[in-house]
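Sequential numbering of the sequence shown, starting at 151, is according to the numbering used here.
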Amino acid sequence: MPGKRRESSKGQKTCVSSFTAMVVLAVSLFVLSYTLAFHAVAFSEGYYFHEFSKRETPAVARFYMQQTSEILSYFRYGQEFDILPGEYYTLKERLHMVDVKNIVQNVLVAEKMSVLLAFAMGFWLVSALGKEKGLEKIGKSLRAGGYAVLGLAAVVIISFWDFAELFGRFHLAFFQGDTWMLSMDDLLIEMYPESFFFRTGMMVFLLAIIYGIGMLLLGKKLGGLFSAAKEGKRKKHK
151 MPGKRRESSK GQKTCVSSFT AMVVLAVSLF VLSYTLAFHA VAFSEGYYFH EFSKRETPAV
211 ARFYMQQTSE ILSYFRYGQE FDILPGEYYT LKERLHMVDV KNIVQNVLVA EKMSVLLAFA
271 MGFWLVSALG KEKGLEKIGK SLRAGGYAVL GLAAVVIISF WDFAELFGRF HLAFFQGDTW
331 MLSMDDLLIE MYPESFFFRT GMMVFLLAII YGIGMLLLGK KLGGLFSAAK EGKRKKHK
């Protein structure tokens with residue numbers, strides 16, 4: 151009896167631990183989908199050049215690209231603030247770029263952490279439950295994460311119908327003070343008008359949708375493999 155109780159207790163702990171691992175994996179994959187989508191779009195210099203070339207002369211587009219390259223380097227690596235081309239920007243613009251840099255670097259940290267957590271949870275599930283059962287659980291986490299990605303994307307894209315309101319609320323939520331309220335003749339506004347952020351936001355969420363669909367398909371595939379293996383074992387025992 152004591153032995154059975156210990157086995158039962160151990161089984162319950164494994165069940166709880168595997169559920170926790172599945173939740174952490176699903177959340178990690180959800181975060182990873184959006185941070186990867188943001189990274190892919192926000193740091194694509196080709197995307198910026200395409201946007202600038204649509205509305206500016208070649209000379210202005212090249213100047214904007216030079217500025218953008220320096221700003222992206224600042225956001226990515228967080229060098230000293232003095233490296234920014236301060237002669238082109240007001241103090242308010244420079245302070246705003248510091249705020250944006252902090253947010254971008256938090257996103258990049260979240261991206262790395264979600265990769266580590268996803269691999270760790272996936273490895274634990276396979277190690278603790280065995281290959282077949284572990285892959286089945288990973289498949290469920292992929293599907294849960296994929297549905298969450300698609301759900302959020304649908305809500306946000308629908309809210310894009312009033313992008314000005316959404317854009318303002320985003321800044322109120324993530325920025326302190328009024329450094330983001332720039333003048334229409336500031337260089338940052340000339341380079342990145344609100345319409346630019348509308349298109350960029352749509353690109354990020356559409357890319358996240360692709361990732362979400364990929365997660366659903368992969369999760370379904372893993373679930374199918376487990377079901378096939380289970381069916382094969384049943385037939386073998388018969």
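C-beta: ideal position from N, C-alpha, C; glycine also.
Once DSSP output is grouped into helix, strand and coil, what is the label at residue i?
i           : result
residue 332 : coil
residue 343 : coil
residue 280 : coil
residue 194 : coil
residue 272 : helix
residue 326 : coil
residue 240 : coil
residue 228 : coil
residue 127 : Look at the range of the chain in this structure, 151 to 388, and you will see that residue 127 is not part of it.
Taking 8 Å as the cut-off, decide whether the C-beta atoms of residue i and residue j are in contact.
i           : j           : result
residue 197 : residue 217 : no
residue 369 : residue 300 : no
residue 316 : residue 324 : no
residue 263 : residue 174 : no
residue 183 : residue 351 : no
residue 178 : residue 267 : yes
residue 296 : residue 365 : yes
residue 346 : residue 206 : no
Around the C-beta of residue i, are 16 or more other C-beta atoms found within 10 angstroms, so that it is buried, or is it exposed?
i           : result
residue 371 : exposed
residue 279 : buried
residue 241 : exposed
residue 129 : Here the chain comprises residues numbered 151 to 388, so residue 129 is not present and cannot be evaluated.
residue 331 : exposed
residue 181 : buried
residue 171 : buried
residue 334 : exposed
residue 281 : exposed
residue 304 : exposed
residue 285 : buried
residue 289 : buried
Who are the near neighbours of residue i in its chain, counting only those whose CB is closer than 7 Å to its CB and skipping five residues on each side?
i           : result
residue 159 : Confidence in residue 159 is poor, its pLDDT being 49 and thus under 50, which makes the residue's placement too unreliable to answer from.
residue 168 : 275, 278, 279, 287
residue 357 : 187, 190, 191
residue 374 : none
residue 265 : 182
Considering only residues of the same chain and omitting the five flanking positions on each side of residue i, which have a CB-CB separation below 8 Å?
i           : result
residue 337 : 217, 238, 239, 243
residue 254 : 192, 225, 226
residue 203 : 211
residue 228 : 251, 255
residue 257 : 185, 188, 189
Near residue i, what residues of its chain come up, given a Cβ to Cβ distance below 6 Å and the 5 sequence neighbours on each side ignored?
i           : result
residue 307 : 355
residue 215 : 199
residue 360 : none
residue 294 : 176
residue 298 : 180
Tell me, please, whether the CB atom of residue i is closer than 8 Å to any CB atom in chain C?
i           : result
residue 343 : This model lacks chain C altogether; it includes just one protein chain.
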